[in-house]
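Undergrad: Quick note on numbering: our numbering labels position 106 of the sequence shown as 253, and the sequence is numbered without any gaps.
This is the structure I want to talk about, given as structure tokens.
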Amino acid sequence: MKTLKLIGASLIMLCCMSIISCKKAPVALSIDLTMEVTKVKAINAMLDIKATGDTPSLVRYMGPTPEAEVLDAVGSLDNESAVKSFISKNGIAIKLPYSIALMDLEPEQKYVVGVVVYDSDMNAFGYATQVFTTLDLESMTDNALGDSSNVGNMTENIL
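Dropping the structure here:
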């Protein structure tokens, strides 16, 4: 009788251990980020961020930061882990879609904006950056206020 109870207790313990050790396989999330800087002027611009695909649990946005400052910290915008880390440390939490007027910029300056998206386990599964250049003050004449020809290119990275 004692051996039967011992075997039963061992089976129950084994079942509990197997249930505890079972983990869900990670689900690969997919998102398509669209980041667009428009209406670039000498001291301001507009930014729109949209996403399609899976809904992220958290989105961190880094506002306009001088490109030189970003490159000093990360070395290159192609350095994925450093860029995501920089955006996360210097960003704020937002909800998508997100639109904002970028104000108080310096004329003739290259800026970087970026966004990182996270899954429910707080793993970054995508990010995007965009570099744009503000206009010079002299171009404020000749109706250049609405000119967005120096917008720059968006870089999107999905893990």
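Even for Gly, the Cβ is constructed at its ideal location relative to N, Cα and C.
Here the structure is a predicted model, which is why all the values come from computation and not from measurement.
Taking DSSP as the reference, what is the three-state secondary structure of Val259?
TA: Note: Val259 maps to strand in three-state DSSP.
Undergrad: Kindly indicate which three-state DSSP category Ala220 falls into: helix, strand or coil?
TA: If DSSP states are grouped into helix, strand and coil, Ala220 belongs with the helices.
Undergrad: Please name the residue or residues paired with Glu183 in a DSSP beta bridge.
TA: Asp195
Undergrad: Return the chain-ordered list of same chain residues with a C-beta closer than 6 Å to the C-beta of Ile178, the five sequence neighbours on each side being excluded.
TA: Ala198, Gly200, Asp201, Val264 and Gly273
Undergrad: Between Ala192, Asp219 and Ala220, which lies nearest to Glu314 when the distance is taken from Cα to Cα?
TA: Because residue 314 is not part of the residues shown, which for the chain are 148 to 306, the question remains open.
Undergrad: How many whole angstroms separate the CB atoms of Ala229 and Gly222, which I take to be in contact at a CB cut-off of 8 Å?
TA: Rounded to whole angstroms, the Cβ separation of Ala229 and Gly222 is 6 Å, and the two are in contact under 8 Å.
Undergrad: Could you compute how far the alpha carbon of Leu243 sits from the alpha carbon of Val262?
TA: 10 Å
Undergrad: In angstroms with no decimal places, state the Cα-to-Cα distance between Ser204 and Met269.
TA: Each residue's alpha carbon lies about 8 Å from the other.
Undergrad: How is the alpha helix (DSSP H) around Ile190 delimited, first residue to last?
TA: DSSP places Ile190 in no alpha helix (DSSP H); its state is neither H nor E.
Undergrad: In terms of residues, what are the limits of the beta strand (DSSP E) holding Ala240?
TA: Counting along the chain, the beta strand (DSSP E) containing Ala240 begins and ends at Ile239 to Ile241.
Undergrad: Would you give the residue range spanned by the beta strand (DSSP E) that Pro211 belongs to?
TA: The continuous beta strand (DSSP E) containing Pro211 extends over residues Leu205 to Pro213.
Undergrad: So is Ile234 buried or exposed if we call it buried at 16+ other beta carbons inside 10 Å?
TA: buried
Undergrad: Going by CA-CA distance only, name the one from Val259, Ala175 and Arg207 that's closest to Tyr245.
TA: Across the set Val259, Ala175 and Arg207, the C-alpha of Arg207 shows the shortest separation from the C-alpha of Tyr245.
Undergrad: I think Asn237 touches Met209, with their Cβ atoms under 8 Å apart; what is that distance to the nearest whole Å?
TA: 5 Å
Undergrad: In whole angstroms, what is the alpha-carbon distance linking Leu249 and Val278?
TA: 13 Å
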